[in-house]
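Asker:
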Amino acid sequence: MREVGIRALKQNASEVIADVVQGETIVVTDRGRQVAQISPLPNSQLATHIATAMITKAKNPRAKLPKPTRLSKNSRTLSDSLKASRAAERY
């Protein structure tokens with residue numbers, strides 16, 4: 079962890095921020111007294127999962143989804159099918 083005075087921070091802000099982007103934490107001092115800390119933001123959970131290949135980005139995020147299938151008047155709903163299946167499992 080490196081210390082930088084306020085005057086030096088004003089004069090070299092771009093360099094200090096570049097160091098923070100590289101992962102360094104900077105402590106800002108005012109007349110030798112620590113007053114602030116500049117540190118890199120933690121990676122978002124999404125960015126971490128993408129980086130570790132736990133998830134992948136959509137190949138075509140703007141692709142249209144297919145329209146939902148309509149049930150005919152005589153077909154059972156999913157809820158009815160599930161209820162019937164559970165009723166058959168009971169003793």
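Under our numbering, think of the first position of the sequence shown as 79, with each following residue one higher. Just so you know, even glycine gets a beta-carbon here, dropped at the ideal spot from N, CA and C. Nothing here was measured: the structure is a model prediction, and the numbers come from that model.
(1) Exposed or buried, which one is VAL99 when buried takes at least 16 other CB atoms within 10 Å?
(2) If contact is defined by three or more beta carbon pairs under 8 Å, each pair taking one atom from either stretch, is the region 136-148 in contact with the region 114-125?
(3) Can you tell me whether DSSP reads GLN115 as helix, strand or coil?
(4) DSSP on THR126, reduced to helix/strand/coil?
(5) Which one of VAL113, GLU102 and LYS137 has the shortest CA to CA distance from PRO120?
(6) Hey, could you find the ends of the beta strand (DSSP E) ILE104 is sitting in?
(7) Just confirm the distance between the C-beta atoms of VAL82 and VAL106, as a whole number of angstroms; I'd bet it's less than 8 Å.
(8) Mapping DSSP to helix, strand and coil, what is ARG85?
(9) In angstroms, rounded to a whole number, what distance separates the CA positions of GLY110 and ALA129?
Answerer: For this structure:
(1) With a 10 Å radius around the Cβ and a threshold of 16 neighbouring Cβ atoms, VAL99 comes out exposed.
(2) In this structure the region 114-125 does not lie against the region 136-148, because fewer than three pairs of beta carbons, one per stretch, are closer than 8 Å.
(3) Note: GLN115 maps to strand in three-state DSSP.
(4) Under the three-state reduction of DSSP, THR126 is assigned to helix.
(5) Cα-wise, what sits closest to PRO120 is GLU102.
(6) In the DSSP assignment, ILE104 falls within the unbroken beta strand (DSSP E) covering 104-108.
(7) Rounded, the Cβ-Cβ distance is 6 Å, consistent with contact.
(8) The DSSP-derived three-state label of ARG85 is helix.
(9) Looking at the backbone, the Cα of GLY110 and that of ALA129 are separated by about 40 Å.
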